[in-house]
């Protein structure tokens, strides 16, 4: 990955960023730029999601191809390219699970198959919720209005519980990451990080199934 | 990737779907999950406490066709085996029987884990529950 790029207009050398810090000309981001750098952030999976969203909207506006219609060919091209990179970067970073996985990849790691062991209580929870969802699907075609209303409120409660659990995992993940940053030898912390990420991924798939079921009521 | 005939066969006519009543003794239950695909599998083994032979098995799986087929096949495979024999079943056996493609190998691993979890659950029940009936 290039650590320094040169401005196409004023030849200033700087780390990749959307606008040249010297002459403010729009710069094409290198295609292999890491997503944290796109937002001017340190490579840290724990971040302020609201601030990330704000930066995303600001950059989207500044990069919008409509704004650069009268610019040079380089600027028009950069505006299109950067918008695509920015959107990809935001889609990845806004989600804690994808962000964590991406961060792992940047560090030469990934959520491998060896991390597919989930704690028994989580597997049981997923099983029970899936049974509930199966009951919901049945009631939706055959049940009375009362039964459907009951199921809907049950399912809403399930969603709340899953959301609480997800928040708990996010806090655990953040705590693990800060430990990882401070540790001299962090290799043994990685497996714990992967485990939490993998639990989050599992929980999220389930949460989406619940949301899909809720959307049909 | 299309499913193989044997996967489809188990998927369309799964063997031993369901669960044992909570009042039944000598039942080991294993629930295992695969976070990368969202699948979850429950396997129950009814075990003769004297001979340690698995007399019956039931499963319920929420997941893809290969996961359902893997667990369905496992219920057939373990019946009549002793707990020790069942513990030696390897996922490769499931892969071969169902001709699972590489992307579905994790389904067979899940089924192998389910056997181990069910056996561990049964062993962990201690003497009190085993002697109950």
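Residue numbers (our numbering), protein chains in the order written: chain A, 51 to 267; chain B, 56 to 188.
Note that beta-carbon positions come from the ideal geometry of N, C-alpha and C, so glycine has one too.
Can you pull the chain A neighbours of residue 90 of chain B, defined as C-beta to C-beta under 7 angstroms?
166, 168, 248, 249, 251 and 252, listed in chain order.
Using a Cβ-Cβ cut-off of less than 7 angstroms, give me the residues of the segment 76–104 of chain B that come near chain A, in sequence order.
Listed by position along the chain: 86, 87, 88, 89, 90, 91, 93, 95 and 97.
Anyone know if the C-beta pair for residue 162 of chain B and residue 122 of chain B falls short of 8 angstroms?
Yes, they are a contact pair.
Using a Cβ-Cβ cutoff of 7 angstroms, what residues of the segment 110–124 of chain B are near chain A? List them in chain order.
Cβ contacts with chain A: 117.
Whose CA, out of A:97, A:184 and A:59, lies closest to the CA of residue 228 of chain A?
Cα-wise, what sits closest to residue 228 of chain A is A:97.
Below 6 angstroms CB to CB, which residues in the same chain sit around residue 139 of chain A once its five sequence neighbours on both sides are set aside?
Result list for residue 139 of chain A: 85 and 88, in chain order.
I need the boundaries of the alpha helix (DSSP H) containing residue 142 of chain B, first residue and last residue.
Where residue 142 of chain B is concerned, the enclosing alpha helix (DSSP H) stretches over 138–142.
Spatial neighbours of residue 118 of chain B within its chain, please: CB distance less than 6 angstroms, with the 5 preceding and 5 following residues excluded, ordered by chain position.
These residues qualify, in order along the chain: 94.
Let's see if you can read the secondary structure: which residues bound the beta strand (DSSP E) around residue 88 of chain B?
Counting along the chain, the beta strand (DSSP E) containing residue 88 of chain B begins and ends at 82–89.
Could you name the residues of the same chain whose beta carbon sits closer than 8 angstroms to that of residue 34 of chain A, not counting the 5 residues immediately before and after it, in chain order?
Nothing can be reported for residue 34 of chain A, as the shown portion of chain A is limited to 51 through 267.
Start and end of the alpha helix (DSSP H) containing residue 109 of chain B?
No alpha helix (DSSP H) holds residue 109 of chain B; the beta strand (DSSP E) holding it covers 109–117.
In chain order, what residues of the same chain have a beta carbon less than 6 angstroms from the beta carbon of residue 153 of chain A, not counting five sequence neighbours either side?
Excluding sequence neighbours, residue 153 of chain A sits near 95.
Mapping the DSSP letters down to three states, classify residue 204 of chain A as helix, strand or coil.
Residue 204 of chain A: helix per DSSP, three-state reduction.
Please tell me whether residue 246 of chain A and residue 208 of chain A are closer than 8 angstroms, where the distance is taken between their beta carbons.
Not closer than 8 angstroms, so no.
Using the Cα positions of residue 56 of chain A and residue 76 of chain A, report the straight-line distance between them to the nearest angstrom.
If I take the Cα positions, the gap works out to 12 angstroms.
Using CA coordinates, which residue listed in A:100, A:266, A:82 and A:106 is at the minimum distance from residue 90 of chain A?
The residue with the shortest Cα to Cα distance from residue 90 of chain A is A:106.
Identify whether residue 97 of chain A lies in helix, strand or coil by the three-state DSSP scheme.
It is coil, neither helix nor strand.
Looking at the structure shown, is residue 91 of chain A part of a helix, part of a strand, or coil, going by DSSP?
Reduced to three states, the DSSP call for residue 91 of chain A is coil.
Within a Cβ cutoff of 8 angstroms, which residues of the same chain sit near residue 31 of chain A, ignoring the five residues on either side of it in sequence?
Past the edges of chain A, shown from 51 to 267, lies residue 31 of chain A, and the structure says nothing about it.
Could you name the residues of the segment 174–185 of chain A whose beta carbon sits closer than 7 angstroms to any beta carbon of chain B, in the order they occur along the chain?
The segment 174–185 of chain A vs chain B, Cβ under 7 angstroms: 174, 176, 177 and 180.
Go through its chain and collect everything with a Cβ distance to residue 185 of chain B's Cβ below 6 angstroms, but skip five positions before and after it.
Low per-residue confidence applies at residue 185 of chain B: pLDDT is 47, beneath 50, and the placement is therefore not dependable, though the value from the model is reported in the following sentence. The answer, listed in chain order, is 104.
Kindly indicate which three-state DSSP category residue 72 of chain B falls into: helix, strand or coil?
Residue state, collapsed to three classes: strand.
Just checking my contact of residue 61 of chain B with residue 153 of chain B at CB under 8 angstroms: how many whole Å lie between their CB atoms?
Correct: roughly 5 angstroms between the Cβ atoms.
Alpha carbon to alpha carbon, how far is residue 110 of chain A from residue 147 of chain B? Give it in angstroms, no decimals.
Each residue's Cα considered, the two are about 50 angstroms apart.
Only counting the same chain, and skipping five residues up and downstream in sequence, which positions put a Cβ closer than 7 angstroms to that of residue 73 of chain A?
Cβ within range, chain order: 57, 59, 60 and 62.
Quickly, what does DSSP pair residue 102 of chain B with across the bridge? List them, please.
For residue 102 of chain B, which the question treats as bridged, DSSP gives the partners B:109.
Can you check whether the C-beta of residue 70 of chain B is within less than 8 angstroms of a C-beta belonging to chain A?
Output row for residue 70 of chain B: interface = no.
Do you know whose CA, among B:99, B:135, B:59 and B:109, lies nearest residue 116 of chain B's CA?
Of B:99, B:135, B:59 and B:109, the residue nearest in Cα terms is B:99.
Taking 8 angstroms as the CB-CB cut-off, is residue 201 of chain A touching chain B?
Not one chain B Cβ lies under 8 angstroms of residue 201 of chain A.
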